[in-house]
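Visitor: Numbering follows the working numbering, with no gaps: position 100 of the sequence shown is 101. Yeah, the Cβ is synthetic: ideal placement off N, Cα and C, and Gly gets one too. Model, not experiment: these values are computed from the prediction. Just dropping this structure here.
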Amino acid sequence: KGSSQDACLTRDGTITMRTNGAMLGHAVLRSFLGEVGDKTFFLSIVLTAWCPWGGIRRDEEHLFQTLLVFAGGLVALVLRVVFESVGWSTFPFRDSVFEASSFIVLMILGMKAKLELDRADAHEQGSKRLPKAEGDGGNPFNVKAEDMEKTPADDDAKWNVGAFSAIAPGVAVAEQEQQAQGYGAIPLATSADGVFSERISDKLVSHILAFLVPLVLGFAVEAEDKSDVALMAPHMTTATAFGACLGFLPAVLVAVGIGYIA
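This is the structure:
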């Protein structure tokens with residue numbers, strides 16, 4: 002009896018492992034095919050090639066920002082899987098709110114991108130239409146070469162250094178402002194470390210947005226998306242959720258790869 006019970010337990014364990022493996026593989030394939038070609042897929046492509054703050058990504062930090070876009074998009078999809086596994090689909094109006102908010106944000110970003118493209122096209126066309134005189138070596142203003150090579154030392158009008166030597170040297174602007182402050186005047190507050198007194202670097206803002214924009218927009222746009230509908234299984238198990246995360250990984254990698262090359 003003991004040997005027969007052990008055989009039954011072994012057979013049941015093997016069947017369970019095969020079932021979990023089949024569910025895992027099915028979830029990986031379903032999430033990968035559902036993610037390729039949907040809204041979040043094309044959103045990752047666009048955000049990899051274009052930054053809402055700095056425009057087209059062509060600087061030396063493009064590769065690092067591509068990794069940030071990949072991380073933000075993947076984290077957004079993993080969060081969707083986690084929320085779906087805990088019964089997020091039962092909440093009322095959750096898809097309507099996300100669809101409306103993502104539609105508004107995407108419309109604003111689309112208009113901004115179109116304005117930047119129109120400005121770039123106008124600049125390119127304007128540079129091609131610059132006047133160019135014939136026979137002057139590409140000088141549209143027809144300025145003589147000897148006038149262009151002329152230095153200030155060769156000019157007849159020279160600065161007389163001793164003309165203002167009798168005047169007392171001026172006081173620095175900071176000293177004048179300090180002397181002008183009356184009794185009880187409150188000096189301007191300045192930052193000791195210079196953090197709040199200087200403008201934030203555009204590169205830092207681009208790095209932050211490279212992660213936050215795919216994270217927030219990817220989570221909102223995923224509502225009622227093709228891959229999100231594929232996750233709505235009647236009984237989502239741990240193997241199904243893990244397989245969905247594994248399927249999203251190569252899909253997002255393909256998307257950011259296309260955006261990086263484009």
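(1) Can you name the start and end residues of the alpha helix (DSSP H) that R81 belongs to?
(2) With DSSP as the reference, identify every bridge partner of W51, one or two as the case may be.
(3) Chain B beta carbons: is any one of them nearer than 8 Å to that of L107?
(4) If you follow the alpha helix (DSSP H) that S202 is part of, which residue opens it and which one closes it?
(5) Checking 8 Å against the spacing of the C-beta atoms, do A221 and F71 come in under that value?
(6) Of all the options F104, V29, H208 and T238, which has the alpha carbon lying nearest to the alpha carbon of T49?
(7) Can you tell me whether R130 is helix, strand or coil according to DSSP?
(8) Going by CA-CA distance only, name the one from L250, K129, C246 and L210 that's closest to P53.
(9) How about G74 and T41: do their beta carbons lie closer than 8 Å?
(10) Near L254, what residues of its chain come up, given a Cβ to Cβ distance below 8 Å and the 5 sequence neighbours on each side ignored?
(11) Buried or exposed: which applies to R58, given that a residue is buried once 16 or more other Cβ atoms fall within 10 Å of its Cβ?
(12) Using CA coordinates, which residue listed in Q66, D39, Y261 and G248 is at the minimum distance from L25?
(13) I'd like the list of long-range same chain contacts for L110, defined as Cβ closer than 8 Å, with 5 residues on each side in sequence excluded.
(14) M237: which of I201, V87 and A77 sits nearest, CA to CA?
(15) If I'm right that L218 touches L44 with Cβ under 8 Å, what's the distance once you round it to whole angstroms?
(16) Work out the CA separation of M108 and L30 for me, nearest whole Å.
(17) Alpha carbon to alpha carbon, how far is A8 from F33?
(18) I'd like the span of the alpha helix (DSSP H) that includes G258, first residue to last.
(19) For D60 and D203, what's the separation of their Cα atoms in angstroms?
(20) Determine the DSSP secondary structure at V37, reduced to helix, strand or coil.
(21) Any idea if S97 is buried or exposed, counting beta-carbon neighbours within 10 angstroms, 16 or more meaning buried?
(22) Since A245 and A28 are thought to touch, with beta carbons under 8 Å apart, how far apart are those beta carbons, to the nearest angstrom?
(23) Taking 8 Å as the threshold (C-beta atoms), are A252 and V37 in contact?
(24) Does A224 come out as helix, strand or coil in the three-state DSSP assignment?
(25) Whose CA, out of M112, H63, L80 and E85, lies closest to the CA of I262?
(26) Going by the beta-carbon positions, is the gap between L47 and G258 smaller than 8 Å?
(27) Going by CA-CA distance only, name the one from F243, R130, L80 and A224 that's closest to F104.
Guide: The answer reads as follows:
(1) Here residue 81 refers to the residue found at position 80 when the sequence shown is read from its first residue. H63 to S86 is the extent of the alpha helix (DSSP H) around R81.
(2) For this step, residue 51 is matched to residue 50 along the sequence shown. Looking at the DSSP output, W51 sits in a beta bridge with I57.
(3) Reference to chain B is not applicable here, since this structure consists of a single protein chain.
(4) Position 201 of the sequence shown holds residue 202. Per DSSP, S202 belongs to no alpha helix (DSSP H) and is neither H nor E.
(5) The sequence position of residue 221 within the sequence shown is 220, counting from 1. The sequence position of residue 71 within the sequence shown is 70, counting from 1. Cβ distance not < 8 Å, so A221 and F71 don't count as in contact.
(6) Counting from 1 along the sequence shown, the entry for residue 49 is found at position 48. Nearest of F104, V29, H208 and T238 to T49, Cα basis: H208.
(7) Your numbering for residue 130 matches position 129 in the sequence shown. Here R130 sits in coil by DSSP.
(8) Residue numbering aside, residue 53 sits at position 52 when the sequence shown is read from its first letter. Checked all of L250, K129, C246 and L210; the closest Cα to P53 is L210.
(9) As a working mapping, residue 74 is identified with position 73 in the sequence shown. As a working mapping, residue 41 is identified with position 40 in the sequence shown. Contact flag set, yes.
(10) For this step, residue 254 is matched to residue 253 along the sequence shown. So the qualifying residues of the chain are F71.
(11) The sequence position of residue 58 within the sequence shown is 57, counting from 1. The residue in question, R58, is buried, as its Cβ has 16 or more Cβ neighbours within 10 Å.
(12) If you number the sequence shown from 1, residue 25 lands on position 24. It is G248 whose Cα lies nearest to the Cα of L25.
(13) What you label residue 110 is simply residue 109 of the sequence shown in a count that begins at 1. The answer, listed in chain order, is P53.
(14) Taking the first residue of the sequence shown as 1, we reach residue 237 at position 236. The shortest Cα separation from M237 among I201, V87 and A77 belongs to V87.
(15) Here residue 218 is taken as the residue at index 217 of the sequence shown, counted from 1. Here residue 44 is taken as the residue at index 43 of the sequence shown, counted from 1. Right, their Cβ atoms sit about 6 Å apart.
(16) Working through the sequence shown from its first residue, we reach residue 30 at position 29. Working through the sequence shown from its first residue, we reach residue 108 at position 107. A straight line joining the alpha-carbon of L30 with that of M108 spans about 32 Å.
(17) Along the sequence shown, one-based indexing puts residue 8 at 7. Along the sequence shown, one-based indexing puts residue 33 at 32. With a pLDDT of 47 at A8, under the threshold of 50, the modelled position of this residue cannot be trusted; read the value that follows with caution. When rounded, the distance between both Cα atoms is 37 Å.
(18) As a working note, residue 258 is residue 257 in the sequence shown. That run of the alpha helix (DSSP H) goes T239 to I262.
(19) Position 59 of the sequence shown, counted from the start, is the residue given in the question as residue 60. Position 202 of the sequence shown, counted from the start, is the residue given in the question as residue 203. Whole-angstrom Cα-Cα distance: 12 Å.
(20) The residue labelled residue 37 in the question sits at position 36 within the sequence shown. Residue state for V37 is assigned as coil, using DSSP reduced to three classes.
(21) Along the sequence shown, read from residue 1 onward, the residue named residue 97 stands at position 96. Classification for S97: exposed.
(22) What you label residue 245 is simply residue 244 of the sequence shown in a count that begins at 1. What you label residue 28 is simply residue 27 of the sequence shown in a count that begins at 1. That pair is a contact at about 5 Å.
(23) As a working mapping, residue 37 is identified with position 36 in the sequence shown. As a working mapping, residue 252 is identified with position 251 in the sequence shown. Cβ atoms of V37 and A252: closer than 8 Å.
(24) Start at 1 with the first residue of the sequence shown, and residue 224 comes out as number 223. Correct three-state label for A224: coil.
(25) As a first step, residue 262 must be located in the sequence shown, where it is residue number 261. Taking only the C-alpha atoms, the option nearest I262 is H63.
(26) As a working note, residue 47 is residue 46 in the sequence shown. As a working note, residue 258 is residue 257 in the sequence shown. Checking the displayed sequence, the identity of residue 47 turns out to be Val instead of Leu. Cβ distance not < 8 Å, so V47 and G258 don't count as in contact.
(27) The count along the sequence shown starts at 1 and reaches residue 104 at position 103. The residue with the shortest Cα to Cα distance from F104 is A224.
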